[in-house]
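Chains A and B, in that order, give the protein sequences.
Residue 32 is where the first sequence starts when you use the working numbering, and the numbers rise one by one after that.
Residue 32 is where the second sequence starts when you use the working numbering, and the numbers rise one by one after that.
By construction, the Cβ of each residue, glycine as well, lies at the ideal position given by its N, Cα and C atoms.
The structure displayed is predicted, hence computed values, not measured ones.
First up is the structure itself, then whatever we jot down about it.
Protein chains: 2
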Amino acid sequence: MDAVRVALLGCGVVGSEVARLLTEHAGELAQRVGAPVQLAGVAVRNPDAPRNFAVDPGLITTDAQELVKRADVVVELMGGIEPARTLILDAMASGASVVTANKALLGQDGPRLYAAAAEQGVDLYYEASVAGGIPLLRPLRESLAGDRINRVLGIVNGTTNYVLDQMHRTGAEFDAAVASAQALGYAEADPTADVEGFDAASKAAILASLAFHTRVSVDDVYREGITGVTASTVASAKAMGAVIKLLAICERVTAADGTERVSVRVHPALLPESHPLAGVRDAFNAVFVEADAAGELMFYGQGAGGAPTASAVLGDVITAARNRVAGSLGPGESAYAQLPVRPMGEVVTRYHVSLDVEDRPGVLAQVSTVFAQNEVSIETVRQQQLPDGEGAELVIVTHAATDAALAATVAALGGLSAVSAVSGVTRVEGEH
Amino acid sequence: MDAVRVALLGCGVVGSEVARLLTEHAGELAQRVGAPVQLAGVAVRNPDAPRNFAVDPGLITTDAQELVKRADVVVELMGGIEPARTLILDAMASGASVVTANKALLGQDGPRLYAAAAEQGVDLYYEASVAGGIPLLRPLRESLAGDRINRVLGIVNGTTNYVLDQMHRTGAEFDAAVASAQALGYAEADPTADVEGFDAASKAAILASLAFHTRVSVDDVYREGITGVTASTVASAKAMGAVIKLLAICERVTAADGTERVSVRVHPALLPESHPLAGVRDAFNAVFVEADAAGELMFYGQGAGGAPTASAVLGDVITAARNRVAGSLGPGESAYAQLPVRPMGEVVTRYHVSLDVEDRPGVLAQVSTVFAQNEVSIETVRQQQLPDGEGAELVIVTHAATDAALAATVAALGGLSAVSAVSGVTRVEGEH
Chain A
32 MDAVRVALLG CGVVGSEVAR LLTEHAGELA QRVGAPVQLA GVAVRNPDAP
82 RNFAVDPGLI TTDAQELVKR ADVVVELMGG IEPARTLILD AMASGASVVT
132 ANKALLGQDG PRLYAAAAEQ GVDLYYEASV AGGIPLLRPL RESLAGDRIN
182 RVLGIVNGTT NYVLDQMHRT GAEFDAAVAS AQALGYAEAD PTADVEGFDA
232 ASKAAILASL AFHTRVSVDD VYREGITGVT ASTVASAKAM GAVIKLLAIC
282 ERVTAADGTE RVSVRVHPAL LPESHPLAGV RDAFNAVFVE ADAAGELMFY
332 GQGAGGAPTA SAVLGDVITA ARNRVAGSLG PGESAYAQLP VRPMGEVVTR
382 YHVSLDVEDR PGVLAQVSTV FAQNEVSIET VRQQQLPDGE GAELVIVTHA
432 ATDAALAATV AALGGLSAVS AVSGVTRVEG EH
Chain B
32 MDAVRVALLG CGVVGSEVAR LLTEHAGELA QRVGAPVQLA GVAVRNPDAP
82 RNFAVDPGLI TTDAQELVKR ADVVVELMGG IEPARTLILD AMASGASVVT
132 ANKALLGQDG PRLYAAAAEQ GVDLYYEASV AGGIPLLRPL RESLAGDRIN
182 RVLGIVNGTT NYVLDQMHRT GAEFDAAVAS AQALGYAEAD PTADVEGFDA
232 ASKAAILASL AFHTRVSVDD VYREGITGVT ASTVASAKAM GAVIKLLAIC
282 ERVTAADGTE RVSVRVHPAL LPESHPLAGV RDAFNAVFVE ADAAGELMFY
332 GQGAGGAPTA SAVLGDVITA ARNRVAGSLG PGESAYAQLP VRPMGEVVTR
382 YHVSLDVEDR PGVLAQVSTV FAQNEVSIET VRQQQLPDGE GAELVIVTHA
432 ATDAALAATV AALGGLSAVS AVSGVTRVEG EH
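Below you can see the structure in the form of structure tokens.
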């Protein structure tokens, strides 16, 4: 049987691990595929850069465009939009299947890649793009293909989960927790992509597209990061038996008239400690799925790191290689449902609102009136005096209300002289 | 596009749910497959039996052999070895792909079904056979196809998990917990298949075969049920910060000379509360996987019930139907590794041993000597006096030892006059 030739674009932490596994486990992988799986070349920007695995220097090239033309399976691990997109399209045009971990490209331009794959009759796999080493996309795309998924709640960014878990466990402020994450290598020197939720938003777009058979791009995703989460909000959540997690939320919403829309958003959320996602510690990822027939499912594991991500990449490489050998093709894009995206203002959740107020009689009545006027119903209020005559803090948890109603409430609260600050607004999720 | 004709063999709780989903979601399923998916017939023993879904009477037949010849995908939900096996082989012989939930048949005769599928060029899928609605086999077979799985620890039987969880939470004895499970419909009137571990043993054989690319039959699986688990053992575990779970354990064991074997067993085990499987409550299932590159993964959800199992069956039906439409084939058997099965006597774990002993000086010394003579090293001993001068109880937790050494120790302890009974021996798992 002819060897299946694999080209690697990029040889950083993940790429060098993929190269290592392809090399060291070549014998076993050949048995699993039914043909040798051969590393045909590794395209890099700097051939002399130090790598975790000593790739045969004869395989290293700086000419990615030439390399993709002599491969059966191209593994794109460069990240970013260009030149990754052009190289993927070139690879498909010359008949290669593509495996990529590029969430940004998929979240922005997935349908174009799918269309090219369909046109050329090649595979497009991207298990590593969401939740690293956790098998998640194949289960959504294939195992649950006969079910109706109603909701996906995901902790899909390990950096922010580490930061929030540190804040929860130690009471640290955001900046200190980020510094600790950086010291451990869990956060980049510039942590913006993680802490502002950009990374999670791309992943949410991918998850929603698969879950709802609908094209969802990253531009459809409402995004809010964790930079506004304070130690005080975390402590207040903890006192209520809750934790704060950055969630990627994909929901199917059915209106009274039966029409369906999807809501896709990334923001910090209070989760009750009893929710299976609440116990996800450190930099681990987990995705909770609610489906009509299957019920509640959870997938848990390492969402990042060279080895776990390489595991997902290699699973896709083996599948694409098996398909080559069998003359088969994996599933293509499934976007027939084309459900519209519900605007954020219409999204309904509960809210945890912290207010700094004057410590005098009548303030709670004024605040309550503002909530009532905006049709936001209050579930619980907790009032506590701040030290040194600095007034009081009100912590209010609401019943379900639209985002627009809550925003109007917050704006009106800002106009009350007795309210010195709306110090925190966090959505409450995870109710069944 | 021609319709893909689906035949159902069996129309009980799962079958009627599959019929319902195929009928009610026909439009969506056709979009996902790229062709109509048509229920071609339902074979039952008694056409007049009451069912949860009113199948079109024109589709009901008692002639399963005739039905399988006019189907593209045959779904076998009859259970048991015969006539299920003959019907599956007949279906394949006439060119149909097969989806089955039949763990007993797969655990006993899986390789024969695989061989027939390969010979006929058809698919064999069986996601529903292990852990019901949880996508698990496709991730093992495909997503982790590039990784090396070292261990699978599974709670794969909901009935026994419910019983053990009740015992843990309420302090109930085994019989009372089984009665409670029966009252809730979690246990059969004759609970033998569940509580004696037969069901879990079939699933362990399937998991080990996939995880280690090795043929493992149910006859290779060491099996011990939960009927010997007492309230006293559960309480002792709880006092140690542990829970008792019935685990299906599949391990790759590498000897000093590098040769590999697999250990496949089902038995009650003490798990520390910190282990992700320890928190699995009620009748839920969960499977914990340790792989070289992916690290630790967990899959959690409902392991039984009509709807969750139907979700898994339908995912397989859709995959098999897509393959028909695309002219593709899914992965076949992968058994190239053929690792030998390690005999139970050589399996190494830690043990929790409860002894009823005379309450007098010198007994602990005698007992310790027996452990030492059999080369079983003691980690902790807890001694407590029983009420009313009934002697004392010794609870001993050992360091790692072979099953054979522990069995010899227990036999020798029985010969000590100061030991009135070895009241419980439970293996300790979940160490990393």
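- Under the three-state reduction of DSSP output, D196 (chain A) falls in the helix class.
- In this structure, the alpha-carbon of D251 (chain B) lies about 9 Å from that of R373 (chain B).
- At a cut-off of 9 Å, the C-beta of V344 (chain A) has a neighbouring C-beta in chain B.
- N133 (chain B) and K134 (chain A) have their C-alpha atoms spaced approximately 38 Å apart.
- In the three-state scheme derived from DSSP, where H, G and I count as helix and E and B as strand, T457 (chain A) is classed as strand.
- Where T440 (chain A) is concerned, the enclosing alpha helix (DSSP H) starts and stops at D434 to G445.
- Burial of E107 (chain A) is indicated by the presence of at least 16 other C-beta atoms within 10 angstroms of its C-beta.
- With a threshold of 9 Å between beta carbons, D347 (chain B) makes contact with chain A.
- Where N316 (chain B) is concerned, the enclosing beta strand (DSSP E) starts and stops at F315 to A322.
- Listed along chain B is no residue with a C-beta nearer than 9 Å to that of Q213 (chain A); the closest approach is about 22 Å.
- Counting only residues of its own chain and dropping the five nearest sequence neighbours on each side, H430 (chain B) has a CB closer than 7 Å to the CB of R381, S408 and E410.
- In terms of beta-carbon proximity, N354 (chain B) lines the interface with chain A, with at least one pair separated by less than 9 Å.
- When secondary structure is reduced to three states using DSSP, D387 (chain B) falls in the strand class.
- Closest in C-alpha terms to P362 (chain B), from the list B:V35, B:A34, B:M375 and B:P170, comes B:P170.
- The Cβ of I165 (chain B) sits closer than 9 Å to at least one Cβ of chain A.
- At least 9 Å separates the CB of T400 (chain B) from every CB of chain A.
- Of all residues in the stretch 276–287 of chain B, none has a C-beta nearer than 7 Å to a C-beta of chain A.
- Taking the CA atoms as reference points, N188 (chain A) sits about 30 Å from V153 (chain A).
- Taking a Cβ-Cβ threshold of 9 Å, none of the residues of chain A is close to F84 (chain B); the smallest such distance is about 13 Å.
- Judged by DSSP in its simplified three-state form, Y145 (chain B) adopts helix.
- In the three-state reduction of the DSSP assignment, S233 (chain A) falls in the helix class.
- When rounded, the separation of the alpha-carbon atoms in A146 (chain A) and A122 (chain A) is 14 Å.
- Scanning the stretch 278–303 of chain A from its first residue to its last, the whole beta strand (DSSP E) runs of 3-plus residues come out as 291–303.
- Judged by pairs of C-beta atoms under 8 Å, the stretch 352–367 of chain A does not touch the stretch 261–278 of chain A, as fewer than three such pairs exist.
- Judged by DSSP secondary structure, T429 (chain A) falls within the beta strand (DSSP E) whose first and last residues are A423 to T429.
- Distance from the CA atom of N181 (chain A) to the CA atom of E291 (chain B), rounded to whole angstroms, is 44 Å.
- A Cβ-Cβ distance of about 6 Å is found for the pair E424 (chain A) and L417 (chain A), placing them in contact under the 8 Å criterion.
- Taken through DSSP and simplified to helix, strand or coil, I186 (chain A) comes out as strand.
- Per DSSP, I409 (chain B) is one residue of the beta strand (DSSP E) stretching across I409 to Q416.
- In its chain, beyond the 5 residues on either side, V35, I349, A352, R353 and V356 have a beta carbon closer than 7 Å to the beta carbon of V64 (chain B).
- By the C-beta criterion, the stretch 339–346 of chain B is judged to be in contact with the stretch 47–58 of chain B, since at least 3 inter-stretch pairs fall below 8 Å.
- For chain A, the residues of the stretch 163–189 of chain B that bring a beta carbon within less than 9 Å of one of its beta carbons are G163, G164, I165, P166, L167, L168, R169, P170, L171, E173, S174, L175, A176, G177, D178 and R179, in chain order.
- Three or more beta-carbon pairs separated by less than 8 Å link the stretch 388–400 of chain A to the stretch 450–459 of chain A, which places the two stretches in contact.
- Distance between G289 (chain A) and H383 (chain A), taken at the CA atoms: about 30 Å.
- For the stretch 365–376 of chain B, the beta-carbon criterion of a distance under 8 Å to any beta-carbon of chain A is satisfied by S365, Y367 and A368.
- Non-local C-beta neighbours of E421 (chain A) in its own chain, meaning closer than 6 Å and more than five positions away in sequence, are absent.
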